[in-house]
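Novice:
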Amino acid sequence: MTTSTGTATYTEDFGALADGSPVRRWTLERDGVRVRVLTYGAIVQSVQAPGRDGSRAAVALGLPDVAGYENFPAPYFGAVVGRYANRIGGASFVLDGRTHRLTPNEGGTHLHGGARGFDKRVWDAVAVPDGVRLSLVSADGDEGYPGRLDFSVTYTLEPGGTLRLDYRAVTDAPTVLNPTSHLYWNLAGADSGSALGQQLRIAAREVTPVDAASVPTGELLPVAGTRFDFRGMRAVGAGYDQNFVLEEGTEAADAVAAELYDAVSGRVLTVRTTEPGLQLYTADHFDGRPFGPCAGIALETQHFPDSPNRPEFPSTVLRPGEEFVSRTEYAFSVR
Numbered sequence: 032m033t034t035s036t037g038t039a040t041y042t043e044d045f046g047a048l049a050d051g052s053p054v055r056r057w058t059l060e061r062d063g064v065r066v067r068v069l070t071y072g073a074i075v076q077s078v079q080a081p082g083r084d085g086s087r088a089a090v091a092l093g094l095p096d097v098a099g100y101e102n103f104p105a106p107y108f109g110a111v112v113g114r115y116a117n118r119i120g121g122a123s124f125v126l127d128g129r130t131h132r133l134t135p136n137e138g139g140t141h142l143h144g145g146a147r148g149f150d151k152r153v154w155d156a157v158a159v160p161d162g163v164r165l166s167l168v169s170a171d172g173d174e175g176y177p178g179r180l181d182f183s184v185t186y187t188l189e190p191g192g193t194l195r196l197d198y199r200a201v202t203d204a205p206t207v208l209n210p211t212s213h214l215y216w217n218l219a220g221a222d223s224g225s226a227l228g229q230q231l232r233i234a235a236r237e238v239t240p241v242d243a244a245s246v247p248t249g250e251l252l253p254v255a256g257t258r259f260d261f262r263g264m265r266a267v268g269a270g271y272d273q274n275f276v277l278e279e280g281t282e283a284a285d286a287v288a289a290e291l292y293d294a295v296s297g298r299v300l301t302v303r304t305t306e307p308g309l310q311l312y313t314a315d316h317f318d319g320r321p322f323g324p325c326a327g328i329a330l331e332t333q334h335f336p337d338s339p340n341r342p343e344f345p346s347t348v349l350r351p352g353e354e355f356v357s358r359t360e361y362a363f364s365v366r
């Protein structure tokens, strides 16, 4: 156990995959918040945070063992997804005049990195001050993406129990990259049923509307007067799988991209990010194995879906000699 920097950190065996690959679990604890991270999928298995009465509850959906994550891969519970989070239409894109065909895994669409994305890999892990860094190498041609990608995500617990995610990557050939964390939040507790009554605010004046395949049309739709208007706190409600265009300035270190609040427990989750977009997903299709519909709310910080095919969207191109850097923070408090 390491405690000298303020965060208690320790690691333990956490079973093995069906093919025998061993999985480790890292635990970080600071200021009442406990986070558990797996080397499989860089999954955040558990986040525990105190409520108004001081009691601690699991506020992120997770599964008790490795077999669960292998048996229920599609929800991406707590995983880092990549190389490209969300959807790339037609499972292809053109970069520098060359067409790259990706693995289609949602009809004809490429979703969350394909059939074997980052969420289905065993990552290397090393301790760092206040946390753990997980890394992997995505080979040239992996799921159709060009270039070797050296990628890492660092999880740290900052003062006050803020969970910080720092992504970094370099490549040896032009490619595209758009990772995210697929955490599902339920501030009342992971076993408390639907999270739709919790209050949400998103700092976004526009969304990117989608077609029948859930791929952006390229338009920007103002949220005013629509069901997508979360500029003021209100109950989440059902039926969302939508990218929000975060307001200019939310990439600043102290700016708030989104805030989630549970009035019963008093827990507040504040999201800060350097990313330009945030996907709200309410998990309406959970079927009770192991969680029921809308048991958690995903707030996926990201670049926009299908950006490689939409030059009008912020670019996701990464070139040799450049370094991809992205940060997202989840801060916990009570009200």
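Residue numbers (our numbering): 32 to 366.
C-beta: ideal position from N, C-alpha, C; glycine also.
Looking at Met264 and the ligand SAM, is the gap between the Cβ and the nearest heavy atom below 7 Å?
Specialist: By its list of ligands, the structure shown contains no ligand whatsoever, and the ligand SAM lies outside what it can speak to.
Novice: Run through DSSP, which three-state label would Asp209 get?
Specialist: The sequence shown places Asn at residue 209, not Asp. Asn209: strand per DSSP, three-state reduction.
Novice: If you draw a straight line from the alpha carbon of Val201 to that of Pro321, how long is it in whole angstroms?
Specialist: If I take the Cα positions, the gap works out to 37 Å.
Novice: Only counting the same chain, and skipping five residues up and downstream in sequence, which positions put a Cβ closer than 6 Å to that of Phe261?
Specialist: For Phe261, where only same-chain residues beyond five positions count, the Cβ hits under 6 Å are Leu231, Arg232, Ile233.
Novice: Judging by CA-CA distance, which residue of Glu60, Asn209, Thr304, Leu277 is the nearest neighbour of Ala284?
Specialist: Minimum Cα distance to Ala284 is reached at Thr304.
Novice: First and last residue of the alpha helix (DSSP H) that includes Tyr271?
Specialist: Here Tyr271 belongs to no alpha helix (DSSP H), and DSSP marks it neither H nor E.
Novice: Under a three-way DSSP split, which group does Asp197 fall into?
Specialist: Three-state result, Asp197: strand.
Novice: Which of the three DSSP states, helix, strand or coil, is assigned to Asp181?
Specialist: Strand at Asp181.
Novice: Can you list, in chain order, the stretches of the beta strand (DSSP E) that have 3 or more residues and sit fully within the stretch 104 to 177?
Specialist: As far as the stretch 104 to 177 is concerned, its whole beta strand (DSSP E) runs of at least 3 residues are 123 to 126, 129 to 132, 155 to 159, 162 to 169.
Novice: Rounding to the nearest angstrom, what Cα-Cα distance links Ser86 and Val125 in this structure?
Specialist: Whole-angstrom Cα-Cα distance: 52 Å.
Novice: For the alpha helix (DSSP H) containing Ala88, list its first residue and its last residue.
Specialist: Per DSSP, Ala88 belongs to no alpha helix (DSSP H); it is in the beta strand (DSSP E), 87 to 89.
Novice: May I have the straight-line CA-CA distance separating Val394 from Ala80, to the nearest angstrom?
Specialist: Residue 394 cannot be examined here, being either before or after the span of the chain that is shown, 32 to 366.
Novice: Starting from Glu282, trace the beta strand (DSSP E) both ways and give me its first and last residue.
Specialist: First-last for Glu282: undefined, no H or E at that position.
Novice: Can you pull the DSSP bridge partners for Arg56?
Specialist: According to DSSP, Arg56 bridges with Glu43, Leu69.
Novice: Ignoring anything shorter than 4 residues, give me the alpha helix (DSSP H) runs that lie fully in the stretch 273 to 357, in order along the chain.
Specialist: Qualifying alpha helix (DSSP H) stretches: none in this window.
Novice: Residues in its own chain within less than 6 Å of Pro53 by CB, not counting five upstream and five downstream?
Specialist: Once the five neighbours on either side are set aside, the close Cβ partners of Pro53 are Ala47.
Novice: Going by the DSSP bridge assignment, what does Glu360 pair with across the sheet?
Specialist: According to DSSP, which records beta bridges pairwise, Glu360 is partnered with Arg195, Arg303.
Novice: In the structure shown, what three-state DSSP assignment does Glu101 receive?
Specialist: Correct three-state label for Glu101: helix.
Novice: From this set, Gly72, Leu194, Arg61, which residue's C-alpha is nearest Arg55's C-alpha?
Specialist: With distances taken between Cα atoms, Arg55 lies closest to Gly72.
Novice: Grab me the residues of Val159's own chain with a C-beta within less than 8 Å of its C-beta, minus the 5 sequence neighbours each way, in chain order.
Specialist: Here the set comprises Thr185, Thr187.
Novice: Closer than 8 Å is the cut-off here; do at least three beta carbon pairs connect the stretch 204 to 220 with the stretch 291 to 306?
Specialist: The stretch 204 to 220 vs the stretch 291 to 306: in contact.
Novice: Between which two residues does the beta strand (DSSP E) carrying Asp81 extend?
Specialist: Note that residue 81 corresponds to Pro in the displayed sequence, not to Asp. Element bounds for Pro81: 75 to 81.
Novice: Which residue marks the beginning of the beta strand (DSSP E) containing Ala235, and which one marks its end?
Specialist: Note, Ala235: beta strand (DSSP E), 235 to 238.
Novice: In this structure, does DSSP put Leu252 in helix, strand or coil?
Specialist: DSSP places Leu252 in strand when its eight states are reduced to three.
Novice: Among residues of its own chain, excluding the 5 on either side of Val112, which ones have a beta-carbon nearer than 7 Å to its beta-carbon?
Specialist: So the qualifying residues of the chain are His143, Gly144, Gly148, Phe149, Asp150, Pro210, Thr211, His213.
Novice: For Gln333 and Glu306, which I take to be in contact (beta-carbon distance under 8 Å), what is that distance rounded to the nearest angstrom?
Specialist: Yes, they are in contact, since the Cβ atoms of Gln333 and Glu306 sit about 6 Å apart, within 8 Å.
Novice: So what's Thr202 in DSSP terms, helix, strand or just coil?
Specialist: It is a strand residue.
Novice: Quick check: Leu309 and Glu331, are their CB atoms within less than 8 Å of each other?
Specialist: The answer is yes: Cβ separation under 8 Å.
Novice: Suppose the cutoff is 6 Å on Cβ atoms and the five residues either side in sequence are ignored; what does the same chain contact list for Val157 look like?
Specialist: Excluding residues within five positions, the ones whose Cβ falls inside 6 Å are Arg164.
Novice: Rounding to the nearest angstrom, what Cα-Cα distance links Thr313 and Ala221 in this structure?
Specialist: Each residue's alpha carbon lies about 14 Å from the other.
Novice: Thinking C-beta only, is Thr134 closer than 8 Å to His141?
Specialist: In contact: His141 and Thr134 (Cβ atoms closer than 8 Å).
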